[in-house]
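Presented below is the structure to which this report refers.
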Amino acid sequence: MDAEVGRRRYDSLRRTAQALETRAEIARAARRLFVDCGWAATTVRDVAREAGVSVPTVYSVYGNKAGLTRALADAADLSADPSQQLAELEAAAQDPARQLAAMAGFDRRLYERAGDVITLLREAGRSEPELAAVYRDGRRRADETRMAVFSSWPAGVLREGLDVAAAADIYAGLCSIDVYATLTAERGWPPDRVERWWREALVRELLS
Numbered sequence: 001m002d003a004e005v006g007r008r009r010y011d012s013l014r015r016t017a018q019a020l021e022t023r024a025e026i027a028r029a030a031r032r033l034f035v036d037c038g039w040a041a042t043t044v045r046d047v048a049r050e051a052g053v054s055v056p057t058v059y060s061v062y063g064n065k066a067g068l069t070r071a072l073a074d075a076a077d078l079s080a081d082p083s084q085q086l087a088e089l090e091a092a093a094q095d096p097a098r099q100l101a102a103m104a105g106f107d108r109r110l111y112e113r114a115g116d117v118i119t120l121l122r123e124a125g126r127s128e129p130e131l132a133a134v135y136r137d138g139r140r141r142a143d144e145t146r147m148a149v150f151s152s153w154p155a156g157v158l159r160e161g162l163d164v165a166a167a168a169d170i171y172a173g174l175c176s177i178d179v180y181a182t183l184t185a186e187r188g189w190p191p192d193r194v195e196r197w198w199r200e201a202l203v204r205e206l207l208s
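Here is the structure:
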């Protein structure tokens, strides 16, 4: 009896692992096609063919084409390791400069690992309302994190004349996908140099 229970448990774990790998393969296929061919030109059938699964499998996992894009956006955030950012923010709770460094590190990882997805969502969102909503949701979550951190600082930490909302605006302007792309793709900066510059610039611009 115990052996039978153990076998069923491992069979269940194996099925779960296979399902997760199928989801990951579909997401990878969608990312390749959306980035290479564009959102409008890519169909669910194309994604299924690229992933080596059936069309009904794609629908059962993600629902529809818009669901695929939302999954890509979620995967982009996860690729930057938000748990690492949270741990670093909590460890540096009494040190605003270190907290800014933690946020800059997260954004560097995000743009380095998933900048193509972010750009896709923004550009395709100009004509696709569903994608625009996914992009806005990602930007909203980022702003909420920044404002929560800035709001936790004691009075007098922010540079004179700045409030939390203005500080979030300045952060967003400095640590944007466009700035990252310009410095890395056009100016030849390695990602670690961008991150280092962000850390220094954020301290100059935001802290008293």
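Quick note on numbering: the sequence shown equals residues 1 to 208 in our numbering. We put the CB at the ideal spot given by N, CA and C, even for glycine.
*Measure from the alpha carbon of Arg199 to the alpha carbon of each residue in Trp153, Ala101, Ser54 and Ala51, then state which is nearest.*
Among Trp153, Ala101, Ser54 and Ala51, the Cα nearest to that of Arg199 is on Ala101.
*State the DSSP-derived secondary structure class of Leu207, mapped to helix, strand or coil.*
In this structure, Leu207 counts as strand in the three-state DSSP scheme.
*Work out the CA separation of Ala97 and Gly214 for me, nearest whole Å.*
The question about residue 214 has no answer here: the residues shown for the chain are numbered 1 through 208.
*How many whole angstroms separate the CB atoms of Thr69 and Val134, which I take to be in contact at a CB cut-off of 8 angstroms?*
Sure, about 6 angstroms apart at Cβ, within 8 angstroms.
*Cβ neighbours of Glu88 in the same chain (closer than 6 angstroms, five flanking residues each side left out)*: Around Glu88: Ala102.
*What separation, rounded to the nearest whole angstrom, lies between the Cα atoms of Arg141 and Tyr171?*
Going from the Cα of Arg141 to the Cα of Tyr171 covers about 14 angstroms.
*Evaluate the contact criterion for the stretch 45–62 versus the stretch 74–86: three or more CB pairs, one atom per stretch, below 8 angstroms.*
No, they do not touch.
*Is there at least one Cβ from chain C nearer than 7 angstroms to Asp192's Cβ?*
Judged by its chain identifiers, the structure shown contains no chain C, having just a single protein chain.
*When we look at the beta-carbon of Glu90 and count the other beta-carbons within 10 Å, is it buried (16 or more) or exposed?*
Per the 10 Å Cβ criterion, exposed.
*Cβ-based neighbour list, Gly125, same chain, cut-off 6 angstroms, excluding 5 preceding and 5 following*: Correct list, in chain order: Leu131, Ala132 and Tyr135.
_For a quick check, are the C-beta atoms of Glu195 and Arg108 less than 7 angstroms apart?_
It is a contact, given that the beta carbons lie within the stated cut-off.
*Who are Leu158's beta bridge partners in DSSP?*
According to DSSP, residue pairing for Leu158 in a beta bridge involves Leu207.
*Give the DSSP-derived three-state secondary structure of Thr145 in the structure shown.*
In the structure shown, Thr145 sits in a helix (DSSP, three-state: H, G or I).
*asked:* For the pair the stretch 116–124 and the stretch 141–153, tell me if three or more CB-CB distances fall below 8 angstroms.
replied: Counting C-beta pairs with one atom in each stretch, the stretch 116–124 and the stretch 141–153 have fewer than three that are closer than 8 angstroms, which means they do not touch.
*asked:* Taking the straight line between their C-alpha atoms, what separation do you get for Gln18 and Leu206?
replied: Take the alpha-carbon of Gln18 and the one of Leu206: they are about 47 angstroms apart.
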